[in-house]
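Visitor: Here's a structure for you.
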Amino acid sequence: MPPLAATGSGLLPMLAVVLPVLAMVVALPLGARGAERMTIALLLPGFLLALGTAIAVQSSGAPAIHLLGHWSPPLGLAFRADGLAAAMLLAAAIVIAAVALFARGGFGVRSGAPETRTAFAFWPLLLALWGGINLAVVANDLFTLYVALELLTFAAMPLVCLEGKRETIEAALRYLMFALLGSVLYLLGVALIYGSAGTLDITLLSGRLGLEAPVIVAAALMTAGLLAKTALLPLHLWLPSAHAGAPAAASAVLSALVVKGSFVILVRLWFGVLAATPSLPAMQILAGLGAAAILLGSAAALAQPRLKLLVAYSTVAQIGYLFLMFPLVAGMPDSETAAKAWTGGSVQAISHAFAKAAMFLAVGLMAARVGHDRIADLAGTARHMPVPLLTFGLAGLTLMGVPPSGGFAAKWLLLSAAIEAGQWWWALVVLGGGLLTGGYVYRVLSVSLTSSGALAPPAPQPPGTPDAIALGLAVLSVALGFVPLASFGLVQVGRMGLAP
Amino acid sequence: MSATLFGLLGAALVGIGLFGMLVGTQPLMRIVCFNLLGSGVFLVFGAVARRGGGAGFAADPVPQAVILTGLVVAFAATTLAVALVLRLAGNEDEDRH
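Those sequence lines, one after another, are chains A and B. Per the working numbering, the first sequence starts with residue 958, numbered consecutively. Per the working numbering, the second sequence starts with residue 1215, numbered consecutively.
Structure below.
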């Protein structure tokens, strides 16, 4: 492929990365209250930058490209926001905004009140995480992607143990160990690829690597490393305890965004860097692991006694769906089927981000008001907290893939692509996963909707702003299904791996 | 010649570090092994730089820049991990008293 040329709109994704990182650095000396104000002030500009990127990419039909310092690759580094990146930027901006507004309740500093350590840590970490996810989706260079991965890990790990309880610190340490192993394996792969091709720019690498020993080893190492970060079964062991132990606002960003960062990098690796390398067997293995994650993760969620753990295992299962797109896109490249599978995977990533953030926020509200999150003792919550329960149910619809939700659109696209590609077994997995998901969502709803016998009724509270924010995210995840599928054409723009 | 030797040494370090990280149970041991593994990767990168040297350079500068950045990241990761281990150890002391 020819080297990249900068486009006028390339400034937008560059600013989307730089602003949160800059704000994080400035926020540190300002203290908790200043950091909170800074974050809130940045939400709207960040959203507009993401929206601007999406509009520019959609209208021009080409990726927005920025060359840092006007040096073009291989000498310099490029940012390349294609359709998938623009959609992820937009999803990240919305989830971060919702979580930040939600978190003002828990981590906000009232005027006159002393600042707390957790609030001081939370706001800069949220900004760092935002910068990290934006960098992970727009960077076009394997080493910059490594930096983005580390930035995400270092921002996400402290969020896990924000409350400082012993079990959360243990969960954070386990998470850090998995993440460090993952990133160092990734880096080793980067070294091998640099050794055989002499560049790290994805566009330049694309189509240049054949089926040689160093490339195969590098692909295996990088894939294993990224799977550990994405928490695909069997490397998911760190996820449930880490995501369930974190405060609700933190769990929401961890489950909705952090695991998607490494997923997007994996997509760039297989469909960008290794575009010309025959890889269908590897793809079938990836999708096989994804299928196992869907079935085993959902089954584990069915067996969980605690609500937060149930939602965390549901993340393990939903991540599996993302990996079904790999063999479907690679099976018949350049076909309508591949485009369908690609859109299906992208919509799954985005609708899961909204639904899971909404679900974690709703579960956090319920747990905070009831004082525990044991599913068996949730009877009567429907009466006292109708809005969080409605949020849980709506988000559950998306996760199940019930029409007309965003999750339905994603799963329908994957299902029909699987049948068109002649790989019908993945369609069975999608259907089975939907049934199991229905099972664990029903488990929570059925208990909550029974009238409370033994439960001492907590003081009925009027639904506040946090309830509305969680509900808004859930509604958004369902509303994605109403968007006409043709306008998902955004994610097709600049898709790598197509014949030139 | 020396590049090959360093590459092989790097591979050996990667092997030792990976083994320790996967089978180790003690957090401190695993952190040390992570550092061994990281050093191995940097050594491999160095060998790559040496082999890629051309146009009058003794070595390719890009991998060297990557190694420098990687060292900083590995250092930061190590401090974070050690801080967590210290917190856990502190909790244990409190529990005992």
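Glycine is no exception: its CB is placed at the ideal position from the N, C-alpha and C atoms.
1) Quick one: which chain B residues come within Cβ less than 9 Å of A/V975?
2) Taking its Cβ as the centre, do 16 or more other Cβ atoms sit within 10 Å of A/E993, making it buried, or is it exposed?
3) Excluding the 5 residues preceding and the 5 following B/A1288 in the sequence, name in chain order all residues of the same chain whose CB lies nearer than 6 Å to its CB.
4) Please decide whether A/E1127 counts as near chain B, where near means a Cβ-Cβ distance under 8 Å.
5) For A/A1185, which residues in the same chain have their Cβ closer than 8 Å to its Cβ, ignoring the five residues on either side in sequence?
6) When you compare each of A/L1145, A/A1205, A/L1318 and A/L1001 to A/L1183 by their alpha carbons, which one comes out closest?
7) Here's the rule: buried if 16 or more other CB atoms are within 10 angstroms of the residue's CB, otherwise exposed. What is A/W1087?
8) Do you know whose CA, among A/T1010, A/V1052, A/A1256 and A/A989, lies nearest A/G1063's CA?
9) Enumerate in chain order the residues of its own chain whose CB-to-CB distance from A/A1298 is below 6 Å, with the five nearest sequence positions on each side excluded.
10) I need the DSSP call for A/L1192, collapsed to helix, strand or coil.
11) With respect to the alpha helix (DSSP H) encompassing A/H1341, which residues constitute its N-terminal and C-terminal limits?
12) With a threshold of 8 Å on Cβ separation, who are the neighbours of A/I1159 within its own chain once the five nearest residues in sequence on each side are excluded?
13) At the level of alpha carbons, what is the spacing between A/M971 and A/H1023?
14) Out of A/H1329, A/A973, A/F1059 and A/Y1151, which one is the CA nearest neighbour of A/W1080?
15) Taking 8 Å as the threshold (C-beta atoms), are B/A1263 and B/P1241 in contact?
16) If we cut at 8 Å on Cβ distances, does A/G1139 have a partner in chain B?
17) Along the chain, where does the beta strand (DSSP E) containing A/F1036 start, and where does it finish?
18) Would you check if the region 1312-1320 of chain A and the region 1384-1396 of chain A touch, i.e. whether three or more CB-CB distances between them fall below 8 Å?
19) According to the neighbour-count rule (16 or more other Cβ atoms, all chains shown, within 10 Å of its Cβ), is A/D1039 buried or exposed?
20) Applying the criterion that 16 or more other CB atoms from any shown protein chain within 10 Å of the CB defines a buried residue, is A/K1217 buried or exposed?
21) Look at the alpha carbon of B/M1255 and the alpha carbon of B/M1235, and state the distance between them as a whole number of angstroms.
22) Any beta-carbon of chain A closer than 8 Å to the one on B/L1298?
23) How big is the Cα-Cα spacing for A/G1422 and A/A1205?
24) Nearest by alpha-carbon distance to A/L1322: which of A/I1012, A/G1089 and A/I1426 is it?
25) Going straight from the alpha carbon of A/A1295 to that of A/W1381, what length do you get?
26) Considering only DSSP beta bridges, list what A/I1022 is partnered with.
27) Under 8 Å between C-beta atoms, does B/F1248 make it to chain A?
28) So that I know if they touch, is there some Cβ in chain A lying closer than 8 Å to that of B/P1275?
29) With distances taken between CB atoms, is the gap from A/G1379 to A/L1437 smaller than 8 Å?
30) Using the Cα positions of B/G1304 and A/Y1132, report the straight-line distance between them to the nearest angstrom.
31) Quick one, which residues of the region 1054-1073 of chain A are near chain B if we go by CB-CB under 9 Å, in chain order?
32) Does the beta carbon of A/G1152 sit closer than 8 Å to a beta carbon anywhere in chain B?
33) Closer than 8 Å, CB to CB, is A/M958 near chain B or not?
Guide: So, from the data block:
1) For A/V975, there are no C-beta contacts with chain B under 9 Å, since the nearest C-beta of that chain is about 18 Å from it.
2) buried
3) G1252
4) yes
5) F1135, A1136, L1138, G1139, L1142 and L1192
6) A/L1145
7) buried
8) Taking only the C-alpha atoms, the option nearest A/G1063 is A/A989.
9) M1282, L1285, V1286 and A1374
10) coil
11) T1338 to H1341
12) R1037, N1097, D1098, L1099, R1225, G1229, V1230 and M1453
13) The straight-line gap from Cα to Cα measures roughly 7 Å.
14) A/F1059
15) Going by C-beta atoms, B/P1241 is not nearer than 8 Å to B/A1263.
16) no
17) A1035 to A1038
18) No: the two stretches stay apart, fewer than three of their Cβ pairs being nearer than 8 Å.
19) buried
20) buried
21) At residue 1255 of chain B the sequence reads Val, which differs from the Met that was named. The straight-line gap from Cα to Cα measures roughly 15 Å.
22) By this cut-off, B/L1298 is an interface position.
23) Correcting the residue identity first, residue 1422 of chain A is Thr in this sequence and not Gly. Looking at the two C-alpha atoms, the distance is approximately 15 Å.
24) A/I1426
25) A/A1295 and A/W1381 have their C-alpha atoms spaced approximately 15 Å apart.
26) A/R1037
27) yes
28) no
29) no
30) 20 Å
31) none
32) yes
33) Reliability of the predicted coordinates at A/M958 is poor, the pLDDT of 47 falling under 50, and the value obtained from them is presented with this limitation in mind. Judged by the 8 Å Cβ criterion, A/M958 is not in contact with chain B.
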